[in-house]
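Engineer: Numbering (this note's numbering), first residue to last: 14 to 306. Backbone N, C-alpha and C fix where the C-beta goes; we use that ideal spot for every residue, glycine too. In this text, all values refer to a predicted model and were calculated from it rather than measured experimentally. Here's a structure for you.
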């Protein structure tokens, strides 16, 4: 089962979290039939959203991450609830790009170096919080860290990895997010940088079989780590026929009449789980009645 781990350093102003996301990334791959580099890119964004969603204090809050890059993948979207359960999609799932050295997937090239990362936090207020930055390189982890530094003024280190098996399924996926609290000094920064350099690429550690707790303990080995919470996370879509019906009503009576007259029905596909909802002429006529009440 995929897990999200939250921790603090007892002897330094540092908070951290890590995720094991093999199952949720594989579920996304199955739903969207993604090719390897799309699986890796979407997987990294889903795990980022999961960690950021779990930071919310509002039970019904949500975090949406949208990456619009200049590369062939197009737009990537990931949405997390406040428990870290996520859903998402990639605009162009059947994309391939040349590999980097040692046959590594080039997520940065597939996403594209030019573009933006937008973070939307729905905290149950009238208006959601929206922050946006220019992409640093499209590798996702560096872009997430840059967002926290630029938009929230929180020094952050982020590392993410998705290992693809020879048969193109997800062999392992995980990552971590480390943040400094305001009183952190240069010695703390140096110790964290040393730990990050020592551990190296997350993919290599996942290949060794490291879980989220072990990953944090290795990166923050110079600190006394206290694990605060371990919770399960999964790929979870909240779509339902009722929600889709409400969406149809919201387009207004004129659009509904047009659908009835021109198509005699409607077929809508959820972009997150690919479930198809079919509405007959009589279904649409019922919704039209509700829309005009």
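Relative to the C-alpha of residue 266, which residue among 198, 68, 302 is closest?
Structural biologist: Taking only the C-alpha atoms, the option nearest residue 266 is 302.
Engineer: Alpha carbons only, please: which of 25, 292, 80, 91 is nearest the one belonging to residue 37?
Structural biologist: Measuring from the Cα of residue 37, the nearest candidate turns out to be 91.
Engineer: Put residue 203 into one of helix, strand or coil per three-state DSSP.
Structural biologist: Of the three classes helix, strand and coil, the one that applies to residue 203 here is helix, per DSSP.
Engineer: Evaluate contact between the segment 31-45 and the segment 93-110, counting only Cβ atoms and requiring at least three cross-stretch pairs below 8 Å.
Structural biologist: With a cut-off of 8 Å, the segment 93-110 and the segment 31-45 count as touching, because enough Cβ pairs lie within range.
Engineer: Look up residue 80 in the DSSP assignment and say whether it is helix, strand or coil.
Structural biologist: Of the three classes helix, strand and coil, the one that applies to residue 80 here is strand, per DSSP.
Engineer: Looking only at DSSP bridge pairs, what is residue 173 linked to?
Structural biologist: Beta-bridge pairing links residue 173 to 188.
Engineer: Hey, quick one: how far does the alpha helix (DSSP H) through residue 152 stretch, first residue to last?
Structural biologist: Residue 152 -> no alpha helix (DSSP H), and no H or E assigned at all.
Engineer: Residue 277 to residue 261, Cα distance in whole Å?
Structural biologist: Between residue 277 and residue 261, the C-alpha separation is close to 14 Å.
Engineer: From the DSSP output, in three-state form, read off residue 95 for me.
Structural biologist: Coil at residue 95, not helix or strand.
Engineer: Going by beta-carbon coordinates alone, are residue 179 and residue 118 separated by less than 7 Å?
Structural biologist: Going by C-beta atoms, residue 179 is not nearer than 7 Å to residue 118.
Engineer: Helix or strand or just coil, what does DSSP make of residue 254?
Structural biologist: If DSSP states are grouped into helix, strand and coil, residue 254 belongs with the helices.
Engineer: According to DSSP, what are the bridge partners of residue 239?
Structural biologist: Residue 239 pairs with 21.
Engineer: Going by beta carbon distance, what residues of the same chain come within less than 8 Å of residue 3, once the five residues before and after it are set aside?
Structural biologist: Outside the shown range of the chain (14 to 306) lies residue 3, about which nothing can therefore be said.
Engineer: So residue 76 and residue 134 are supposed to be a Cβ contact under 8 Å. How far apart are they, rounded?
Structural biologist: Yes, residue 76 and residue 134 are in contact; Cβ-Cβ is about 5 Å, under 8 Å.
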